[in-house]
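Counting from 468, one number per residue, gives the positions in the sequence shown under my numbering.
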Amino acid sequence: MDGNSQSTTRRSLLAAVGAGFTFGSVATRGAAATRDDSQYVLVQGEECVPVRPLRGQMTVETFYEYHLPAERVMDANGAVASESTDYASAGTRDLQRAQTSIAFLYRGPKGTSLVVVHGSVQTSDSGAVTFRFTGLPDDGQWVVKDDLYPNPETGEIAATNYDQWNVEGDRQRVDWTWGSGGTDGGAFRGLGDDFAVTIDPAFNDEAALYGDHYEGTVTDWQFLSGSASVSDRISLDLGERIEIRTGSCDDGGSDGDSDSGSDG
468 MDGNSQSTTR
478 RSLLAAVGAG
488 FTFGSVATRG
498 AAATRDDSQY
508 VLVQGEECVP
518 VRPLRGQMTV
528 ETFYEYHLPA
538 ERVMDANGAV
548 ASESTDYASA
558 GTRDLQRAQT
568 SIAFLYRGPK
578 GTSLVVVHGS
588 VQTSDSGAVT
598 FRFTGLPDDG
608 QWVVKDDLYP
618 NPETGEIAAT
628 NYDQWNVEGD
638 RQRVDWTWGS
648 GGTDGGAFRG
658 LGDDFAVTID
668 PAFNDEAALY
678 GDHYEGTVTD
688 WQFLSGSASV
698 SDRISLDLGE
708 RIEIRTGSCD
718 DGGSDGDSDS
728 GSDG
């Protein structure tokens with residue numbers, strides 16, 4: 468796909484994501500109407516709402532568009548070389564919000580991915596987040612790791628790469644921290660047809676790296692749900708875990724009771 472086609476596809480996709488609601492208002496506003504049409508649900512506490520993946524014809528790596536200097540690009544981080552918007556997701560710029568962490572499902576030509584992006588390239592905010600993940604499929608992988616980059620002189624992970632990725636096994640943990648005008652996050656591809664993934668969050672002073680390098684504050688956590696006919700920005704409780712799974716709200720699932728306290 469050429470650059471113009473990719474830009475057009477991204478603009479069309481991002482235009483579909485607009486309205487913002489609290490978790491409860493989405494559940495009461497649209498769940499009954501869309502539950503039968505949705506293959507996925509989002510659960511937090513006693514609330515459950517159907518969600519839909521953002522869709523595109525580009526891979527999730529291309530959609531995320533993690534910018535790094537050319538000498539720091541490697542297969543393990545899924546980045547693209549750029550002289551602008553370095554150390555950040557340029558592809559999700561229009562989805563980003565100041566002092567906000569977002570998550571969403573993305574369905575591209577290679578399957579369905581879970582995407583998270585912290586911060587915004589358009590603001591001077593910084594922050595720190597720790598996420599503990601449970602239930603990520605063994606045959607999937609983190610195809611974008613923002614940040615993960617080498618020292619080009621040694622090939623080892625750079626001393627300025629503060630983020631910590633502990634992503635082996637069923638229980639995984641990522642500690643992120645980012646500075647002004649940057650983002651952190653990642654994309655896990657390979658969720659498959661049947662999954663239940665839990666994210667146990669720790670924001671701000673509860674995050675492992677808070678205060679070590681940056682001390683900004685995340686004020687909002689949002690889950691995006693988009694399709695040709697539905698576009699919601701769902702506000703989440705920063706202090707409570709979420710579950711994203713296949714099925715419907717009537718299925719019950721784990722109702723957020725799984726033990727995801729391990730450091731992974």
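Just so you know, even glycine gets a beta-carbon here, dropped at the ideal spot from N, CA and C.
{"Asked": "What's the gap between the Cα of LYS577 and the Cα of THR665?", "Found": "22 Å"}
{"Asked": "With a Cβ-Cβ cutoff of 8 Å, do TYR533 and GLY594 count as a contact?", "Found": "no"}
{"Asked": "Between ASP606 and the rest of its own chain, which residues show a CB-CB distance below 8 Å, the 5 nearest in sequence each way excluded?", "Found": "GLY657, GLY659"}
{"Asked": "Cα separation between ASP661 and GLU620?", "Found": "43 Å"}
{"Asked": "To the nearest angstrom, how far is it from the Cα of THR597 to the Cα of ALA669?", "Found": "5 Å"}
{"Asked": "Touching or not, the region 703-711 and the region 533-548, by the rule of three or more beta carbon pairs under 8 Å?", "Found": "no"}
{"Asked": "For ASP718, which of helix, strand or coil comes out of DSSP?", "Found": "helix"}
{"Asked": "Bridge partners of GLN608, per DSSP?", "Found": "ARG656"}
{"Asked": "Which stretch, first to last residue, makes up the beta strand (DSSP E) that contains PHE600?", "Found": "594-601"}
{"Asked": "Helix or strand or just coil, what does DSSP make of ALA626?", "Found": "coil"}
{"Asked": "Taking ALA555 as the reference, which of LEU703, PHE530, ASN618, MET525 has the closest Cα?", "Found": "PHE530"}
{"Asked": "What are the start and end residues of each continuous beta strand (DSSP E) run of 3 or more residues lying completely inside the region 536-588, in chain order?", "Found": "567-575, 578-585"}
{"Asked": "Tell me which residues share the same chain as LEU691 and place their Cβ nearer than 7 Å to its Cβ, disregarding the 5 neighbours each side in the sequence.", "Found": "VAL484, LEU521, LEU562, ILE569, PHE571, ARG700"}
{"Asked": "Ends of the beta strand (DSSP E) at VAL634?", "Found": "Note, VAL634: premise wrong, no beta strand (DSSP E); not H, not E."}
{"Asked": "Going by DSSP, name the residue or residues bridged to VAL508.", "Found": "PRO517, ARG712"}
{"Asked": "With DSSP as the reference, please indicate the residues paired to THR644 in a beta bridge.", "Found": "ALA595"}
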